[in-house]
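Residues 35 to 1013 in the numbering used here are what the sequence shown lists, from first letter to last.
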Amino acid sequence: MTTSPLVHSWAADAHSWLTASTSSVASPVAPLVARARGYRAVTEREAKRFAREERVGNANSHRYQQMSARLRTDDLLVVPAFFAVAVADAARDGRPPMPSCLFGLTDAARYEMPPLFLAGNAVDLDCHPALPEHAFIGTPILVVSGILTSDAVLTAQLVHAGVDRHELEVTADETVHAARDRLRDLITKHVPREDLVLVLTVPAGTNLSQTYTWDRFAEASRPVIIGLESDRGDDWATWHARNTLRGTISAAGMNPENLNAGPGAGVTDHTVLDDLMTVGWTQLRNDATDAFPPQPMRPRTAMTVGTRMVADDGYSVEVLVEDPTDAYGRPGARRWETETRIGGRVVKTETYRAPTSLERETGILDPANEVGDNSRVTIEVSWLSADGSPRVEYVTGPLKVLNYPPNRWHADGHASFSRALGLLQHPEWPPVKHGREWLSAVKANDAASCTQATRWTAMGWVPTPGTDVCAYISGLTVITHRPADAARVLSGVTEERLHGAGSFTLPEADSAPFSDTWTARVREDMDSLIEHYIDLAPWKDRGIAGTVLAAGLRSSNPLPTTVVLYAQGPSGTGKSWTASHIMGFHQARKTWTGKHLPGNLTDTPTATELALSHAPIWVLDDLAPSASSQDSTRQQAAVGDIIRNVHNQTAKRRSSYDLKAQQTFTPQALLIVTAENAATVSSVRDRTLVLNFDVGSLNSPAVDAMDEFRDKSLAAPRLLVAAVQMMQQRASKLGWAGLVAELEVARTEAKAVVRRRTATLKLGDKSPERHVEMTADLLLGLVPLRQLAERVGHTRMLELLAPGAPGSFVDGVISVGTQSLAEMAEQSPGAIALESIISVIRQGKAHLELENTPGDKPLPDGSDAANRALGWSADANGKLRPLGIRIGILTYRRKGGPNDLVYIDHNAAFEVLKSTFRDTFPHGSTARGTLGQLGSEGYWYPGINVTSWNIKLRPGKTDRGIPLTVQTVLGEEMQQVER
35 MTTSPLVHSW AADAHSWLTA STSSVASPVA PLVARARGYR AVTEREAKRF
85 AREERVGNAN SHRYQQMSAR LRTDDLLVVP AFFAVAVADA ARDGRPPMPS
135 CLFGLTDAAR YEMPPLFLAG NAVDLDCHPA LPEHAFIGTP ILVVSGILTS
185 DAVLTAQLVH AGVDRHELEV TADETVHAAR DRLRDLITKH VPREDLVLVL
235 TVPAGTNLSQ TYTWDRFAEA SRPVIIGLES DRGDDWATWH ARNTLRGTIS
285 AAGMNPENLN AGPGAGVTDH TVLDDLMTVG WTQLRNDATD AFPPQPMRPR
335 TAMTVGTRMV ADDGYSVEVL VEDPTDAYGR PGARRWETET RIGGRVVKTE
385 TYRAPTSLER ETGILDPANE VGDNSRVTIE VSWLSADGSP RVEYVTGPLK
435 VLNYPPNRWH ADGHASFSRA LGLLQHPEWP PVKHGREWLS AVKANDAASC
485 TQATRWTAMG WVPTPGTDVC AYISGLTVIT HRPADAARVL SGVTEERLHG
535 AGSFTLPEAD SAPFSDTWTA RVREDMDSLI EHYIDLAPWK DRGIAGTVLA
585 AGLRSSNPLP TTVVLYAQGP SGTGKSWTAS HIMGFHQARK TWTGKHLPGN
635 LTDTPTATEL ALSHAPIWVL DDLAPSASSQ DSTRQQAAVG DIIRNVHNQT
685 AKRRSSYDLK AQQTFTPQAL LIVTAENAAT VSSVRDRTLV LNFDVGSLNS
735 PAVDAMDEFR DKSLAAPRLL VAAVQMMQQR ASKLGWAGLV AELEVARTEA
785 KAVVRRRTAT LKLGDKSPER HVEMTADLLL GLVPLRQLAE RVGHTRMLEL
835 LAPGAPGSFV DGVISVGTQS LAEMAEQSPG AIALESIISV IRQGKAHLEL
885 ENTPGDKPLP DGSDAANRAL GWSADANGKL RPLGIRIGIL TYRRKGGPND
935 LVYIDHNAAF EVLKSTFRDT FPHGSTARGT LGQLGSEGYW YPGINVTSWN
985 IKLRPGKTDR GIPLTVQTVL GEEMQQVER
């Protein structure tokens, strides 16, 4: 493209059919281009006729009055607009297009009046009606804001193509249609197709977001140069218009380009038309670029009338108002008025949640969980008091607060105020009339400074933003590998969520981790711990000492735990005291004692459920007999449910009134239960590690020293902090996933050690795997301590943590696990059922009788003691009579053989058992499920396979019941028989 001459203004007499003032307005446009579009002048004298012909409106209409006001100042240049789509269709079909609407223009430089819409239909994309058909196909597109600019660009293209200026003039008698045909021929003849640019106008009021408007012109990769300008002449409005159209054009599949006469280029100093007249068409065309400028600052007065904004000082909300349009159609002056003398901003949003299992495995924060139903928002509200001093108050509540106007924050949004009095005393609080508008202004105020953070509702290990080394939270303590990360890890376990949450706070480190001072302190604390746990021997059972240590440090190991410790024994034997020493690892000062533990059995199940999901360790203290059988039953059932949930890591599910799932609280804490009686339900016993206490279990002279160690030394919680730091140090070298993999290997090795120890136990059909899992889980608490001892070189601690070493802490934990397993095997469901059957018979609540002679004693040749053992007792005359109900018969296995086979009627027997031993056989137990254990555990009559309740023992007879030997029922054989 060669350099084009500049486009000069046309003399006033060139537009001979226009008046002098309107010729001045049309001076950038060639007369032929103007005549071909249909420019015309209207004077004040012609106003009525023009209004009648063009249907502007009667003399009382607003549009007519605006036109009349302008005509009183100057003549009006009337410019028709044409739908670009209609022009393209007309060029193809060879028929003339019709104008879509009329605009009235005056000298904008003198009067600052925007184009006046006079008549016609809705505005849309416009182009010159003389464009030939090939101008709409394959040509670049230039989009401008004004029709005068569009026609001036068309003039520039003709001049640049070499069309003589005289050819662009018109005679007085040349009609519009003749001019249109001549102009079309000049374009076709002189402007090469590769140089032709289709100029489209976007008049004021056009919807820039409508993609269907561009469908007629959409061609893949077609360049569209955007040269829009704001009618208010500010950078932000121009940027907004261009950016909106940019998105629309991109959606249509074309390539948007920016004409550098907009934001950042001084749009208020020059326009597209100014540039065209100054630098010429060639330079203007070359100014198009793919780069669009960044969003400029939006001036306050450029906003929509009625917009509310927080004032610059932040202490009120203002509304943008505009004076009425004047008689000339010029918009009125805009100004900001104070509407509410209270301002504010949204300070932060915080999501309260527990880390997911994947986050704890990988150490990487999952951003998909960062906003949810448990998010909360903090709003800063500011105002000036009567004396002019600033006041600030904070309103916090669920994220849904931002959906409600301020007058509904307390009732519907459950918001809370930082002061009891203050904002609530303000005479304008809450804003009612424009409450939602006030809230919109507060949301928009300084929105970029609003922070988003996660508050963790579970203590223990949580992911850290920016690193895969997790942080550890306990109470108010946050331990991070890098000190700078501490500010980004926030605890969400507040006092409102967990009463006494601050009691789990740990001592502050007094030296940098792994420094010489730190190493010396760790060694001193290990010496002190060994002195008190081993040398003083406060527990006569060394296994309890190891269990206390492992349980106290278990939360320092990042692997999740499902351990439940069940401390059982008479009152005053040291159960709660022992639990307090486990809790002593989680305190920064004297907090936990035998009389003050985090939870007890009077807590509601829901409160305990929440506590287990928030804390790293929890105690349910004092499960004791109750004067009320109902209370005792309720407590036993509640404890059983809690133990199952902890062991299985399952949460109680709930639904809301609208049948939507509510939040669940998965237990994560190591649980300690203290009770005077052993658990009676086998499914509960099978999920606990039992610590047995009796009179003399504690070494009394060491108790006071241990209390002082727990309350004043704080060596135990400092070791917990050091163990956590040790884990973080390992993770910094291995990566968090590598650390988790290493700890899983340690768990596997611990299982192997425990499994070898359980192999020596006589368990019968009892599988040891559940207790192997629990014991290995508890042993994981000693892994960080062992790595810590290796780091600081503490030889004696390493010896006490060596697997298989007699008297070691590891050996003590294993002994507790194997002892719990052995007791469980001895108290198997089948053994308990058999003991219960024998017991109800000897209590006189049931009896057995001979099959063939029901009225006679079951053992005619047996002693009275033997018959009494089968439920028969002598009356006043010395005759044996049955007691209670019949629950079975005594018969023979083979005809002619001895009467040594007892058939227990399982239904009758179970009814007696349930009424006698309610705790042992709770509601929900069944005869088949309970008494069927006798067969699976080998108590049935020898030689009988456990296949069905219908048993064929004798030819021609099908017996139904539980077959036992008479010696088993007499109690002479209480061990399992060989099958």
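By construction, the Cβ of each residue, glycine as well, lies at the ideal position given by its N, Cα and C atoms.
When DSSP labels each residue in this structure, what does residue 246 get in the three-state scheme? Residue 246 falls in the helix class under three-state DSSP.
Have a look at residue 602 and residue 796 and give me their C-alpha separation to the nearest angstrom. Between the alpha carbons of residue 602 and residue 796 lies a gap of roughly 23 Å.
Just list the residues that DSSP pairs residue 135 with in beta bridges. 115 and 154
So, at 6 Å on beta carbons, what are the nonlocal neighbours of residue 98 in its own chain, with the 5 sequence-adjacent residues on each side left out? Here the set comprises 85, 90 and 91.
Exposed or buried, residue 416, counting other C-beta atoms within 10 Å across all chains shown (16 or more means buried)? buried
Give every residue of the same chain whose Cβ lies closer than 8 Å to the Cβ of residue 382, excluding the five residues on either side of it in the sequence, and list them in chain order. 411, 412, 484, 485, 486 and 487
Sort out for me which residues DSSP pairs residue 292 with in a bridge. 260 and 323
When you compare each of 358, 323 and 347 to residue 339 by their alpha carbons, which one comes out closest? 358
Please state whether the Cβ-Cβ distance between residue 898 and residue 914 is less than 8 Å. yes
Rank 533, 214, 885 and 376 by C-alpha distance to the C-alpha of residue 631 and give the top, closest one. 533
Quick one: what's got a C-beta closer than 6 Å to residue 52's C-beta in the same chain, skipping five residues either side? 75
Every unbroken alpha helix (DSSP H) within the stretch 683-755, with a cutoff of 4 residues, ordered by chain: 716-719 and 734-742
C-alpha gap between residue 859 and residue 849, whole angstroms: Those two C-alpha atoms are separated by around 15 Å.
Any non-hydrogen atom of the ligand SAH within 7 Å of residue 665 CB: Here there are no bound small molecules, and the ligand SAH is not part of this structure.
Only counting the same chain, and skipping five residues up and downstream in sequence, which positions put a Cβ closer than 7 Å to that of residue 398? 497 and 502
Report the rounded CA-to-CA distance for residue 989 versus residue 962, giving the unit in angstroms. Because residue 989 carries a pLDDT of 47, less than 50, the predicted location of this residue cannot be relied on, and the following value inherits that uncertainty. Computed Cα separation, rounded: 25 Å.
Among 656, 628 and 753, nearest to residue 709 - alpha-carbon criterion: 656
Residues in the same chain with beta-carbon distance under 8 Å from residue 582, minus the five sequence neighbours each way, listed in chain order, please. 567, 573, 612, 615 and 616
Look at the alpha carbon of residue 380 and the alpha carbon of residue 140, and state the distance between them as a whole number of angstroms. The alpha-carbon atoms of residue 380 and residue 140 are separated by roughly 47 Å.
Pairwise C-alpha distance: residue 880 and residue 908: Approximately 15 Å, taken between the alpha carbons.
How is the beta strand (DSSP E) around residue 343 delimited, first residue to last? Start and end: 342-344.
Relative to the alpha-carbon of residue 851, which residue among 739, 686, 772 and 576 has its alpha-carbon at the smallest distance? 576
With the cut-off set at 8 Å, would you say residue 179 and residue 262 are in Cβ contact? yes
By how many angstroms is the C-alpha of residue 175 removed from the C-alpha of residue 290? About 9 Å.
According to the Cβ coordinates, are residue 654 and residue 673 closer than 8 Å? yes
Ordered along the chain, which non-local residues of its own chain (more than five positions away) have a Cβ less than 6 Å from that of residue 1034? The chain is shown only over 35 to 1013; residue 1034 falls outside these bounds and no answer can be derived.
Beta strand (DSSP E) segment containing residue 969, residue limits: Unbroken run through residue 969 is the alpha helix (DSSP H), 967-970; no beta strand (DSSP E).
For residue 901, name the three-state secondary structure that DSSP assigns. helix
In three-state terms, what does DSSP make of residue 195? coil
Secondary structure at residue 626, three-state DSSP: helix, strand or coil? coil
Whole angstroms are fine: how far does the CA of residue 726 sit from the CA of residue 1002? 30 Å
Burial state of residue 1008, where buried means 16 or more other Cβ atoms lie within 10 Å: Residue placement at residue 1008 cannot be trusted, given a pLDDT of 32 that sits under 50; the coordinates are not used to answer.
Excluding sequence positions up to five away, which residues of its chain have a Cβ less than 7 Å from the Cβ of residue 284? 290
Is residue 995 helix, strand or coil by DSSP? coil
Measure from the alpha carbon of residue 889 to the alpha carbon of each residue in 705, 924, 247 and 78, then state which is nearest. 924
CB-CB length for residue 494 against residue 650, believed under 8 Å: 5 Å
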